[in-house]
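Below: the structure, in structure tokens.
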Amino acid sequence: MLFKKKHKKLTQPEIKAINNKLAYPEAIVFCPRCGKKLEYFPVGNAAEVKCPSRNCISGSSRGIYVRLTDD
């Protein structure tokens, strides 16, 4: 039987870092989990922010989420 992974909740500093990068794309914002620079990508009318580390934080102007897949 396979068990689903529970979604990790983002901490307040992680949410704040994603929101800061979405609000100011030219600013240098570091990931609170691993310390790498967050990357900003415009996607159509929306925008996406993600950490370059695998399975770290990411979010978009449509919502904040955590990747848990092993793509």
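Every letter in the sequence shown is one number past the one before it in the UniProt record's numbering, and letter 51, counting from 1, is 51. We put the beta carbon where it would ideally sit given N, CA and C, even for glycine.
DSSP lists no beta-bridge partner residue for Tyr24. Under the DSSP assignment, Pro52 falls outside any beta strand (DSSP E); it carries neither an H nor an E label. Residue nearest to Pro42 within the set Ser53, Glu26 and Gly35 is Glu26 (criterion: CA-CA distance). Taking Ala46 as the centre and dropping the five residues before and after it, the same chain places the C-beta of Ser60, Ser61 and Arg62 closer than 7 Å to its C-beta, in chain order.
When DSSP states are grouped into helix, strand and coil, Pro32 belongs to the coil group. Only exposed fits Ile28, as fewer than 16 other CB atoms lie within 10 angstroms of its CB.
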